[in-house]
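Novice:
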Amino acid sequence: MDDGVIARLAPDRFHITTTTGGAASVLHHMEDYLQTEFAELRVWLTSTTEQWAVIAVQGPLARQVIAPLVTGIDLGAAAMPHMSVRQGHVCDVLARLFRVSFTGELGYEINVPADYGEAVWEAVLAAGKEYGIVPYGTETMHVLRAEKGYIIVGQETDGTVIPTDLGLDWTIGRAKRDFVGRRSLTRPGMVRSDRKQLVGIFSPEILEEGAQLVSGSNEPALGHVTSAYWSEALQRPIALALVSGGRARSGQTLYIPLADRTMAVRVTDPVFYDEQGGRLHG
Amino acid sequence: MTNKAGAYMVERMHPLAALAAASSESAEVRLAALPTGARWIIRGDTLDVGLAKPEVCRATVNGDHALLWLGPDEFLLLAPQGMDGGPIATDVSHRDTAIEVSGPRAALVINAFCALDLHAAAFPVGMCTRTIFAKAQIILWRTDAETFRIEIARSFAPYVWGCLEEARREFLA
Numbered sequence: 013m014d015d016g017v018i019a020r021l022a023p024d025r026f027h028i029t030t031t032t033g034g035a036a037s038v039l040h041h042m043e044d045y046l047q048t049e050f051a052e053l054r055v056w057l058t059s060t061t062e063q064w065a066v067i068a069v070q071g072p073l074a075r076q077v078i079a080p081l082v083t084g085i086d087l088g089a090a091a092m093p094h095m096s097v098r099q100g101h102v103c104d105v106l107a108r109l110f111r112v113s114f115t116g117e118l119g120y121e122i123n124v125p126a127d128y129g130e131a132v133w134e135a136v137l138a139a140g141k142e143y144g145i146v147p148y149g150t151e152t153m154h155v156l157r158a159e160k161g162y163i164i165v166g167q168e169t170d171g172t173v174i175p176t177d178l179g180l181d182w183t184i185g186r187a188k189r190d191f192v193g194r195r196s197l198t199r200p201g202m203v204r205s206d207r208k209q210l211v212g213i214f215s216p217e218i219l220e221e222g223a224q225l226v227s228g229s230n231e232p233a234l235g236h237v238t239s240a241y242w243s244e245a246l247q248r249p250i251a252l253a254l255v256s257g258g259r260a261r262s263g264q265t266l267y268i269p270l271a272d273r274t275m276a277v278r279v280t281d282p283v284f285y286d287e288q289g290g291r292l293h294g
Numbered sequence: 019m020t021n022k023a024g025a026y027m028v029e030r031m032h033p034l035a036a037l038a039a040a041s042s043e044s045a046e047v048r049l050a051a052l053p054t055g056a057r058w059i060i061r062g063d064t065l066d067v068g069l070a071k072p073e074v075c076r077a078t079v080n081g082d083h084a085l086l087w088l089g090p091d092e093f094l095l096l097a098p099q100g101m102d103g104g105p106i107a108t109d110v111s112h113r114d115t116a117i118e119v120s121g122p123r124a125a126l127v128i129n130a131f132c133a134l135d136l137h138a139a140a141f142p143v144g145m146c147t148r149t150i151f152a153k154a155q156i157i158l159w160r161t162d163a164e165t166f167r168i169e170i171a172r173s174f175a176p177y178v179w180g181c182l183e184e185a186r187r188e189f190l191a
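Protein chains in written order, with this note's numbering: chain A, 13 to 294; chain B, 19 to 191.
1) Please state whether the Cβ-Cβ distance between Gly121/B and Ala77/B is less than 8 Å.
2) Could you give the distance in angstroms between the alpha-carbon of His236/A and the alpha-carbon of Val283/A?
3) Name, going along the chain, the residues of the stretch 60–90 of chain B whose beta-carbon falls closer than 7 Å to a beta-carbon of chain A.
4) Would you say Pro33/B lies against chain A (beta-carbon separation less than 8 Å)?
5) For chain B, is any of its Cβ atoms less than 8 Å away from the one on Pro93/A?
6) Using a Cβ-Cβ distance under 8 Å, would Ala158/A count as near chain B?
7) If you draw a straight line from the alpha carbon of Gly16/A to that of Ile28/A, how long is it in whole angstroms?
8) Per DSSP, which one or two residues make a beta bridge with Cys146/B?
9) So within the stretch 225–268 of chain A, which uninterrupted beta strand (DSSP E) runs reach at least 3 residues, ignoring any that extend past its ends?
10) Do the stretch 200–210 of chain A and the stretch 262–275 of chain A make contact, defined as three or more Cβ pairs closer than 8 Å?
11) Mind listing the chain B neighbours of Ala131/A? Cutoff is C-beta to C-beta under 7 Å, in chain order.
12) Can a CB atom of chain A be found closer than 8 Å to the CB of Lys22/B?
13) Look up Arg192/B in the DSSP assignment and say whether it is helix, strand or coil.
14) Taking just the CA atoms, how far does Leu81/A sit from Lys22/B?
15) What in chain B is Cβ-close to Leu81/A, meaning under 7 Å?
16) Excluding the 5 residues preceding and the 5 following Thr20/B in the sequence, name in chain order all residues of the same chain whose CB lies nearer than 7 Å to its CB.
17) Going along chain B, which residues have a C-beta under 7 Å from Glu62/A?
18) Would you call Ile156/B buried or exposed, if buried means 16 or more other Cβ atoms sit within 10 Å of its Cβ?
19) Looking at the unbroken beta strand (DSSP E) that takes in Pro125/A, where does it start and where does it end?
20) If you check the beta carbons only, do Glu73/B and Trp87/B fall under 8 Å apart?
21) Please determine if the stretch 176–185 of chain B and the stretch 30–39 of chain B are in contact, where contact requires at least 3 C-beta pairs separated by less than 8 Å.
22) Exposed or buried, which one is Leu109/A when buried takes at least 16 other CB atoms within 10 Å?
23) Going by other Cβ atoms of all chains shown within 10 Å of its Cβ, with 16 needed for buried, is Phe50/A buried or exposed?
24) Does Val110/B come within less than 8 Å of chain A when only Cβ atoms are used?
25) Measure from the alpha carbon of Pro142/B to the alpha carbon of each residue in Glu164/B, His112/B and Ser111/B, then state which is nearest.
26) Consult DSSP for Gln47/A and reduce its assignment to one of helix, strand or coil.
27) Please state if the CB of Val279/A and the CB of Gly263/A are separated by a distance shorter than 8 Å.
28) Count the other CB atoms, across all protein chains shown, that sit within 10 Å of the CB of Gly116/A; report buried if there are 16 or more and exposed otherwise.
29) If we cut at 8 Å on Cβ distances, does Asp127/A have a partner in chain B?
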């Protein structure tokens, strides 16, 4: 239904982020389960969407840019690795600093109380000026995340897609006694090898999102293109697609029927850039 | 990494500062953007904040501290800056902001966008409730016979402020 980041601030306290438009429905969903399925739990939810202003500082120089603004937090790669959270001060304001990345680059998300948001934004811009810092928008973010094979829920997924299809098995806590959806993951239809799986596509030109993929003429569609962009980092068009048995097709040529011609494309791994994660973990 | 504490001091900005500065006086109904303060949502059945547990839809006041009943296990603690709400509290000081509506026409103006019966018999001093104002969710608290405090999420605050300005336009000097 949505994606986000769960940060554990204390043994009994979590800070959960969602997509911007998904916060209300995720909160309602959790409240619903709390009241109907897990009523025995002494757990309470409070919306803090408007409490925090969040500034994403992303790129290989992100640490240098924010370091002069941060106090009380060791930003070193070993002390604060990817997917960690620390509490300290940014611009002398009490802050929750997340080391997270939807760009594939070294990055931080600075959470400060909202009345300080604009002023801290200006301070980050000023601190980054000597490094050539620029604000980036969602289109840039979409390209950067696609180069890393990071999905957007609702774009790479619909209600039929499960984590295994996306190569996101690591998100499933299989050691847990139970969790919502556990039973579904082992149903015969969920473990078939011909399920649609997330793949990367190399194409000679930028594809249309929604384009169908086939293995040859008069063959049924194997899947469709979910995202397609010009990749500045790779200097070529890239796409993400859901393709039946897709992971086993890496290296294969598939075809996209268009109105006036047929285009040959190549199936590849969905991680196009920095496959080893050196930039992410830098 | 060398951190330079104090090198980048920033100022806190009130979400309604610009609108409040441009607002006109009216003896019939006054609007005020209340100063920033501390707010905590307190959940659960243990209240350890030095204030008596309020009755349903009522607020307990002690000096400049107030505890508002929002639900059977949910309370809003209002306090000056720098207060700690305890282990089961969540700081929402910046999530919401407060608008005070006061004067003989205060209830009338609020009723332009809120369907609650604000007659003193139905909504006496000390009563508070979560309700709907136009298209926004608010907490409405009657702090005095002719004074109401509206707690509103920061992103909805300019909208609610604008509605209140519209409703009180006929009472401007």
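Every residue, glycine too, gets a C-beta built ideally from N, C-alpha and C. Here the structure is a predicted model, which means the values were calculated and not measured.
Specialist: Taking the definition as stated:
1) It is not a contact, given that the beta carbons lie outside the stated cut-off.
2) Straight through space, the alpha carbons of Val283/A and His236/A are spaced by roughly 18 Å.
3) For the stretch 60–90 of chain B, which is checked against every Cβ of chain A, the residues closer than 7 Å are Arg61 and Gly62.
4) True, the Cβ-Cβ gap to chain A drops below 8 Å.
5) Proximity of Pro93/A to chain B, defined by a Cβ-Cβ separation below 8 Å, is not satisfied.
6) With 8 Å as the cut-off, Ala158/A does not count as an interface residue toward chain B.
7) Separation of Gly16/A and Ile28/A (C-alpha to C-alpha, rounded to the nearest whole angstrom) is 7 Å.
8) Looking at the DSSP output, Cys146/B sits in a beta bridge with Trp159/B.
9) Within the stretch 225–268 of chain A, the runs of beta strand (DSSP E) that reach at least 3 residues and sit entirely inside it are, in chain order, 235–243 and 248–256.
10) Judged by Cβ distances under 8 Å, the stretch 200–210 of chain A makes no contact with the stretch 262–275 of chain A, as fewer than three pairs qualify.
11) Around Ala131/A, the beta-carbon contacts reaching into chain B at under 7 Å are Val28, Glu29 and Met31.
12) Any reading at Lys22/B must be qualified, since the residue scores a pLDDT of 49, below 50, and its modelled position is unreliable; the value itself is stated next. Taking Cβ atoms only, chain A reaches closer than 8 Å to Lys22/B, which makes this a yes.
13) This structure cannot speak to residue 192/B, because chain B is shown only from 19 to 191.
14) At Lys22/B, the pLDDT of 49 sits below 50, so the modelled position is not reliable and the matter cannot be decided from this model.
15) Listed along the chain, the chain B residues whose CB falls inside 7 Å of the CB of Leu81/A are Tyr26.
16) Its pLDDT being 38, under 50, Thr20/B is placed unreliably by the model, and the measurement read from it follows with that caveat. Closer than 7 Å at the Cβ level, and outside the excluded window around Thr20/B, lies no residue.
17) Listed along chain B, the residues sitting closer than 7 Å to Glu62/A by beta-carbon distance are Arg113, Ala171, Arg172 and Ser173.
18) A residue is called buried when at least 16 other Cβ atoms come within 10 angstroms of its Cβ; Ile156/B meets this threshold and is buried.
19) That run of the beta strand (DSSP E) goes Gly119 to Pro125.
20) The answer is yes: Cβ separation under 8 Å.
21) Counting C-beta pairs closer than 8 Å gives three or more between the stretch 176–185 of chain B and the stretch 30–39 of chain B, which meets the contact rule.
22) It counts as buried.
23) Taking all protein chains shown into account, Phe50/A has fewer than 16 neighbouring C-beta atoms within 10 Å of its C-beta and is therefore exposed.
24) Yes - at least one Cβ of chain A is within 8 Å of the one on Val110/B.
25) Of all alpha-carbon atoms in Glu164/B, His112/B and Ser111/B, the one lying nearest the alpha-carbon of Pro142/B is that of Glu164/B.
26) Collapsing the DSSP output to three states places Gln47/A in a helix.
27) Their beta carbons are under 8 Å apart, which means Gly263/A touches Val279/A by this criterion.
28) Buried: at least 16 other Cβ atoms inside 10 Å.
29) Using a Cβ-Cβ cut-off of 8 Å, Asp127/A counts as an interface residue toward chain B, since at least one Cβ of chain B sits closer than that to its own.
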